[in-house]
Amino acid sequence: MGRSMNRVLTYLLTGCLALFVPQAAAAELTPPDTLVKDVTLEVLDIVSKDREIQAGNVQKVIGLVEEKVLPHFSFESMTALAMGVHWRQTSPAQKQRLTQEFKTLLVRTYASAITTYRDEKFEFLPLRAKPTDTDVTVNVRVVRSGRQAVDLDYDMEKTPRGWKCYNVYVGGVSLVLNYRTEFAAEVRKSGVDGLIGVLEKKNKQLAAGTT
Amino acid sequence: MRFLWSDVLRRCACLAAGLAFTLLAGCATVRNSDPRDPYEGFNRAMFAFNEGFDEAIGKPVATAYREVLPFQIRVRVRNFYANIQDLMIGVNNLLQGKPGAAWSDWTRFFINSSVGLLGLHDIASEAGLEKHNEDFGQTFAVWGMDEGPFFVWPFIGPNTLRDTFGFAADVAAAPLGWAIDDNATRYWMAGLYLVSERAELLDVTTTLDEAAIDKYLQRREAYYQRRRSLIYDGNPPRAPREPPPGREPRSDAAPQQAAPGAQQAGTSVPREPSNYGAVLAAPRGKL
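These protein sequence lines map, in sequence, to chains A and B.
The opening position of the first sequence corresponds to residue 69 in the working numbering, with each subsequent residue numbered one higher.
The opening position of the second sequence corresponds to residue 51 in the working numbering, with each subsequent residue numbered one higher.
Structure, rendered in structure tokens:
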């Protein structure tokens, strides 16, 4: 009697734990749609008030992006996505260097796009996902007069350190997947090290052009 | 910026020489073979020619346009053309079996043409009637036409064979074409439209150029992704998520659709289904 009672208690307890632990963990993470909205609005607010950024000071935007946006991106996942099948033949050391260079290039592109921001209106669409999902897409629309709205879609994955973005679509074009053919062409031509070299050179050129 | 005809002529001469050179150079080397792009050598040459034309004439004219005209005027110009386009966007929505969207497009046209003063003001958007993006290329895709090989046409740019037919139909059906009798007026209207469109894209192309490793491949992939998204009205079926880093990726994400004997491309960009009709007949969902 006592033993079976014990067993029931154990079941109940583990059941409760199983029920509550993930929810407790989830409660600490900012939901992905809230995260995207907060970060976007914060960055837009800073950009709309900063004369230097509006005048095209890319270095300043890069600083802003590194501080506010970078922590919410998973660049390793992005690089893996862009490499596709070639990620497998990449050594851990190469992966690290490749991720670093790709990150620099993406931040630069993102920053350059932000400087062209004018007074577009942003709409944050409700998240279409179940609370248990660990991989979701957050939809944002940029509305302009006389134009079809531009969709910004953020693919986000749940990690212990919060929701991280691993892919961005602008008007249906993935900025990450779009690199896959270019990356594959370089890898076929001169291997993964060749690709790293090309990215390094590109980043140096872009940095030199900024000043 | 001063405008000199001698300057234009000199640039045209440079272009002609450049075209001859790039054609020779381009046809000699075909680098990556993607089954969608069997004429890559020709296409790369045409792409280089278009880039040269854009560098010499397109970009300078568009930049001048943007510097001379204030933002508010440029928005009116853009709205004027966008309003006229709503007519054929509605026709295409109807041809794609979306009468509700077609009705919305035509309502937009009537509101903006009247209350919006000949389309100069996009009142309809403010009233909640969304602007759509449709053309004959998308309609042909919905009807199930195969996309065919990839081409870069001089002055026109990247198109699949299907979109080439679509583009021809768009031009033939353009309302301004049949509404205006006078040739000179028609050319000026078309010219202003092209300059306005190019000016809109100045920032985008600058950002893209900075981000490119191989401009040709970048623009080709972006073209395919963009068209696919438009065909599915912004909700294309997504390829399944790649495995996260660290885990073994699946052997190849690309469905093996190439004809027997065709070279397998090393790229694994998700290929479009060859028959949109069947795919779209299934759950179209969100409209």
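C-beta: ideal position from N, C-alpha, C; glycine also.
These figures come from a predicted structure and were not determined experimentally.
Exposed or buried, what is residue i when buried is set at 16 or more other beta-carbons lying within 10 Å of its beta-carbon?
{"i": "B:Trp-238", "result": "exposed"}
{"i": "A:Gln-273", "result": "exposed"}
{"i": "B:Glu-117", "result": "exposed"}
{"i": "B:Pro-305", "result": "Confidence in B:Pro-305 is poor, its pLDDT being 39 and thus under 50, which makes the residue's placement unreliable; the coordinate value appears in the next sentence. With fewer than 16 Cβ atoms within 10 Å of its Cβ, B:Pro-305 is classed as exposed."}
{"i": "A:Gly-262", "result": "exposed"}
{"i": "A:Lys-269", "result": "exposed"}
{"i": "B:Phe-200", "result": "buried"}
{"i": "B:Arg-300", "result": "Model confidence at B:Arg-300 stands at a pLDDT of 41, short of 50, so the residue's coordinates are unreliable; what they give is reported in the following sentence. Exposed."}
{"i": "A:Thr-183", "result": "buried"}
{"i": "B:Val-165", "result": "exposed"}
{"i": "A:Ile-264", "result": "buried"}
{"i": "A:Ala-217", "result": "buried"}
{"i": "A:Thr-200", "result": "exposed"}
{"i": "B:Leu-74", "result": "Below a pLDDT of 50, predicted positions are generally treated as unreliable, and B:Leu-74, at 49, falls in that range; no measurement from the model is reported."}
{"i": "B:Asn-233", "result": "exposed"}
{"i": "B:Leu-258", "result": "buried"}
{"i": "B:Asp-185", "result": "buried"}
{"i": "B:Phe-121", "result": "exposed"}
{"i": "A:Lys-198", "result": "exposed"}
{"i": "B:Leu-251", "result": "exposed"}
{"i": "A:Glu-110", "result": "exposed"}
{"i": "B:Ala-229", "result": "exposed"}
{"i": "A:Gly-124", "result": "exposed"}
{"i": "A:Val-129", "result": "buried"}
Whose C-alpha, out of the options, is nearest the C-alpha of residue i?
{"i": "B:Glu-260", "options": "A:Thr-249, A:Val-153 and A:Leu-174", "result": "A:Leu-174"}
{"i": "B:Pro-208", "options": "B:Pro-110, B:Tyr-274, B:Asp-185 and B:Trp-228", "result": "B:Tyr-274"}
{"i": "B:Asp-104", "options": "B:Pro-120, B:Ala-249 and B:Asp-155", "result": "B:Ala-249"}
{"i": "B:Val-245", "options": "B:Tyr-131, B:Ser-83 and B:Arg-94", "result": "B:Tyr-131"}
{"i": "A:Glu-188", "options": "A:Val-115, A:Val-137 and A:Thr-102", "result": "A:Val-115"}
{"i": "A:Arg-209", "options": "A:Arg-196, A:Asn-271, A:Val-238 and A:Leu-149", "result": "A:Val-238"}
{"i": "A:Val-255", "options": "A:Asp-203, A:Arg-196 and A:Met-151", "result": "A:Met-151"}
{"i": "A:Ala-276", "options": "A:Val-126, A:Gln-164 and A:Leu-193", "result": "A:Val-126"}
{"i": "B:Asn-183", "options": "B:Arg-288, B:Asp-84, B:Ile-281 and B:Pro-287", "result": "B:Ile-281"}
{"i": "B:Met-96", "options": "B:Leu-144, B:Val-221, B:Pro-204 and B:Thr-157", "result": "B:Pro-204"}
{"i": "A:Pro-160", "options": "A:Glu-225, A:Glu-144 and A:Thr-172", "result": "A:Glu-144"}
{"i": "A:Pro-100", "options": "A:Glu-120, A:His-140, A:Arg-215 and A:Arg-119", "result": "A:His-140"}
{"i": "B:Arg-269", "options": "B:Pro-120, B:Asn-93 and B:Pro-88", "result": "B:Asn-93"}
{"i": "B:Gly-284", "options": "A:Leu-149, A:Asp-113, A:Leu-220 and A:Leu-112", "result": "A:Leu-220"}
{"i": "B:Phe-215", "options": "B:Ala-112, B:Glu-197 and B:Pro-149", "result": "B:Glu-197"}
{"i": "B:Leu-242", "options": "B:Arg-124, B:Glu-101 and B:Ser-83", "result": "B:Arg-124"}
{"i": "A:Thr-102", "options": "A:Arg-196, A:Asn-271 and A:Pro-228", "result": "A:Arg-196"}
{"i": "A:Ser-213", "options": "B:Ala-229, B:Ile-230, B:Asp-84 and B:Arg-126", "result": "B:Arg-126"}
{"i": "A:Ser-242", "options": "A:Thr-147, A:Thr-98 and A:Asp-118", "result": "A:Thr-147"}
{"i": "A:Val-133", "options": "A:Lys-117, A:Thr-108 and A:Arg-119", "result": "A:Thr-108"}
{"i": "A:Leu-149", "options": "A:Asn-271, A:Leu-267 and A:Arg-248", "result": "A:Arg-248"}
{"i": "A:Ser-180", "options": "A:Lys-171, A:Lys-198 and A:Ile-121", "result": "A:Ile-121"}
{"i": "A:Tyr-185", "options": "A:Ile-130, A:Leu-112 and A:Thr-98", "result": "A:Leu-112"}
{"i": "B:Trp-193", "options": "B:Phe-159, B:Lys-148, B:Asp-172 and B:Ile-161", "result": "B:Lys-148"}
{"i": "B:Leu-168", "options": "B:Arg-128, B:Asn-143 and B:Ala-98", "result": "B:Arg-128"}
{"i": "A:Thr-227", "options": "A:Asp-203, A:Glu-250, A:Asn-207 and A:Arg-215", "result": "A:Asp-203"}
{"i": "B:Arg-277", "options": "B:Ala-191, B:Thr-157 and B:Ala-174", "result": "B:Ala-191"}
{"i": "B:Val-338", "options": "B:Tyr-89, B:Lys-109 and B:Ile-230", "result": "The structure shown does not extend to residue 338 of chain B, since chain B spans only 51 to 337, so no value can be given for it."}
{"i": "B:Ala-224", "options": "B:Val-141, B:Ser-175, B:Asp-84 and B:Arg-158", "result": "B:Val-141"}
{"i": "A:Cys-233", "options": "A:Val-266, A:Gly-131 and A:Lys-171", "result": "A:Lys-171"}
Can you find a CB in chain D that lies within less than 9 angstroms of the CB of residue i?
{"i": "A:Ala-181", "result": "In the displayed structure, chain D is absent; the protein chains listed are A and B."}
Can you tell me the Cβ-Cβ gap for residue i and residue j, rounded? I've got them flagged as a contact below 8 angstroms.
{"i": "A:Ala-253", "j": "B:Leu-179", "result": "The pair is not a contact, with the Cβ atoms about 44 angstroms apart (cut-off 8 angstroms)."}
{"i": "B:Gly-187", "j": "B:Asp-213", "result": "4 angstroms"}
{"i": "A:Asn-235", "j": "B:Glu-271", "result": "Actually they do not touch by this definition, with Cβ atoms about 14 angstroms apart."}
{"i": "A:Trp-260", "j": "A:His-154", "result": "Residue identity check: residue 260 of chain A is Val in the sequence provided, not Trp. Contact holds; Cβ gap of about 7 angstroms."}
{"i": "B:Leu-145", "j": "B:Thr-189", "result": "5 angstroms"}
{"i": "A:Phe-192", "j": "A:Lys-105", "result": "5 angstroms"}
{"i": "A:Tyr-178", "j": "A:Thr-205", "result": "Rounded, the Cβ-Cβ distance is 18 angstroms, inconsistent with contact."}
{"i": "A:Gly-240", "j": "B:Pro-286", "result": "7 angstroms"}
{"i": "B:Ile-161", "j": "B:Leu-226", "result": "The Cβ separation is near 20 angstroms, so there is no contact."}
Residues bridged to residue i by DSSP?
{"i": "A:Glu-225", "result": "A:Asp-203 and A:Lys-232"}
{"i": "A:Leu-220", "result": "A:Val-208 and A:Val-238"}
{"i": "A:Phe-192", "result": "A:Val-208"}
Sorry if obvious, but does the Cβ on residue i come closer than 8 angstroms to a heavy atom of the ligand GDP?
{"i": "B:Met-195", "result": "With respect to the ligand GDP, the structure offers nothing, as it holds no ligand at all."}
Subject >> Every unbroken alpha helix (DSSP H) inside the region 101-158 of chain B [4 residues or more] >> reply: 109-118 and 121-145
Original post:
Whole alpha helix (DSSP H) runs in the region 153-241 of chain B with 4 or more residues, listed along the chain?
Top reply: 173-176, 186-192, 211-223 and 225-229
Original post:
Residue ranges of each alpha helix (DSSP H) run of no fewer than 4 residues wholly in the region 120-184 of chain A, ordered along the chain?
Top reply: 126-136, 143-151 and 160-183
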